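Heads up, the thing below is written out as structure tokens.
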Amino acid sequence: MDFKMEMETLQKQIELMKLEEREAVRKIQIKEELRETKQKEKLQAEQRKQNKDRLRTLKQEKYELEQSLLEKQSVLSSLAEELLAYGEERNKPQISKISESKQAFMIKPNIPKFTEPSNFPEWKIEIQSMLSSNIYHKEILRLAIRNAIGGKPRQILATLKPTATSEEILEALESNYGDIKSGECIMEEYYKAKQEKEEDISAWGIRLEELVQKAIDRGEIQTHRREQMLRTRFWKYLRNKELKNATRIFYESNIPFEELRKKMRREEQDISVSKEPSQQINFHQKLLNDLKEQIKMMEAKLNSLTEEQHRPIDTERRDTFRYDNRGRSYRGYRNNSMFRGRGGYHQRNDRFNRGNRSYEPRRDNTQTYTQQKGTFETPLN
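Residues 1 to 381, numbered by full-length UniProt numbering, are exactly what the sequence shown covers, in order.
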């Protein structure tokens, strides 16, 4: 019973594994069929996303231009009202003071917080942009800069005068948290730069642009060389050889750096999309191969158990056949013609048998007793 149950269990497991095998094959076929569709959908989604981002950027630029135009119009209208109110006898410095006071109340700078020294380069660029715009009142902007500084960098303010200008504050912060590398070190870093293992196209391009801009600020590179240096280093030191070969035509066509980066990002996305289904198919193929190996092992085990079951049955049958032959030979020997006499011989034979029962061999003995001779003989098989 245990053997039959084990065989039934093995057969059920084999059937289940075959079903899993068919299911795995079906999944692989479905993934292969949907790979193209999925790739097209991702490309379309990426295109839609780029269009949305571009549209959002254009809307933001439009909104900023409109706000700037409204602010300028309000400043102009304010100046016109002041001119009408005070008349032509007022001189220009007085009108300028009034207009500046009006502008200071209308426009409030929104300066990001500066608490981490590592974020100083980005924060510095934001402040320099506000200073060069000439939109904000200098005194209001100076106070806003002081209020935006927090954390450890705020200790710098204790070393400055309370009336320190925005430029003086930036200079003090630059001396403590700015990049102190020389132009030669930056150029050496530029010529050693290459794409890192976990660095995508965008991060690689931004890092390279930062190096080139620092070199320009220190006078190591002329501005007109920026585009060529970015394009050359950016493409030649890509880590992905497949991506490099796919974008060679764009590099050799001498397109601008921004356009080259955009096309390379698109190619990077296409390559990653095409590799993803292949990796999934390889994973399922490995599972399918393992499943086949398990089925083969279980079938071999089942065949071995079946052979072991049949072997003792055949041996037992042969032993039983031999025993039956010996039994029939023994009985035939006892019932031969020598014991079938007439009259007193038969009775004498009965008395002899009753008196000598102890001499009768056991049934499972291979020898038989001959009453006439009083000896044991081994029957022929």
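All C-beta atoms in this analysis are idealised placements derived from N, C-alpha and C, irrespective of residue type, glycine included. Model, not experiment: these values are computed from the prediction.
Are residue i and residue j closer than 7 Å when you measure CB to CB?
i: G205; j: R239; result: no
i: T247; j: E227; result: no
i: F114; j: P162; result: no
i: Q269; j: E41; result: no
i: R136; j: I107; result: Just to set this straight, residue 136 is Tyr in the shown sequence, not Arg. In contact: Y136 and I107 (Cβ atoms closer than 7 Å).
How many whole angstroms separate the CB atoms of residue i and residue j, which I take to be in contact at a CB cut-off of 8 Å?
i: P109; j: I156; result: In fact, because the Cβ distance is near 20 Å, the residues do not count as touching under 8 Å.
i: L230; j: L208; result: 6 Å
i: L291; j: E21; result: 5 Å
i: D179; j: P121; result: 7 Å
i: L288; j: A24; result: 4 Å
i: R265; j: S202; result: 7 Å
i: Q309; j: F3; result: 6 Å
From residue i to residue j, what does the alpha carbon distance come to, in whole angstroms?
i: I125; j: L173; result: 13 Å
i: T223; j: S272; result: 35 Å
i: L16; j: Q44; result: 41 Å
i: P256; j: S118; result: 31 Å
i: S68; j: T159; result: 36 Å
i: residue 390; j: K27; result: The first residue shown for the chain is 1 and the last is 381, placing residue 390 beyond what the model contains.
i: M5; j: Q11; result: 10 Å
i: Q13; j: S274; result: 36 Å
i: Q50; j: Y251; result: 22 Å
i: R233; j: L76; result: 49 Å
i: A193; j: K236; result: 11 Å
i: residue 382; j: Q128; result: Outside the displayed range of the chain (1 to 381) lies residue 382, so it cannot be described from this structure.
i: Y191; j: K59; result: 39 Å
i: L83; j: S175; result: 45 Å
i: A19; j: M7; result: First, the amino acid is wrong: residue 19 is Leu here, not Ala. The alpha-carbon atoms of L19 and M7 are separated by roughly 18 Å.
i: E116; j: T165; result: 22 Å
i: K214; j: G183; result: 8 Å
i: E66; j: T57; result: 14 Å
i: S132; j: K138; result: 11 Å
i: K241; j: Q285; result: 27 Å
Are the segment 217-227 and the segment 176-188 touching by the rule of at least three beta carbon pairs closer than 8 Å?
yes
Do the segment 132-149 and the segment 163-177 make contact, defined as three or more Cβ pairs closer than 8 Å?
yes
Cβ contact check for the segment 28-45 and the segment 293-303: 3 or more pairs under 8 Å
no
Alpha helix (DSSP H) runs wholly inside the segment 232-269, at least 4 long, in chain order
241-246 and 248-252
Which runs of the alpha helix (DSSP H), 4 residues or longer, sit entirely within the segment 125-193?
138-148, 166-177 and 183-192
Mind listing, in chain order, the continuous beta strand (DSSP E) runs of no fewer than 3 residues lying wholly within the segment 192-224?
You should have found no qualifying run.
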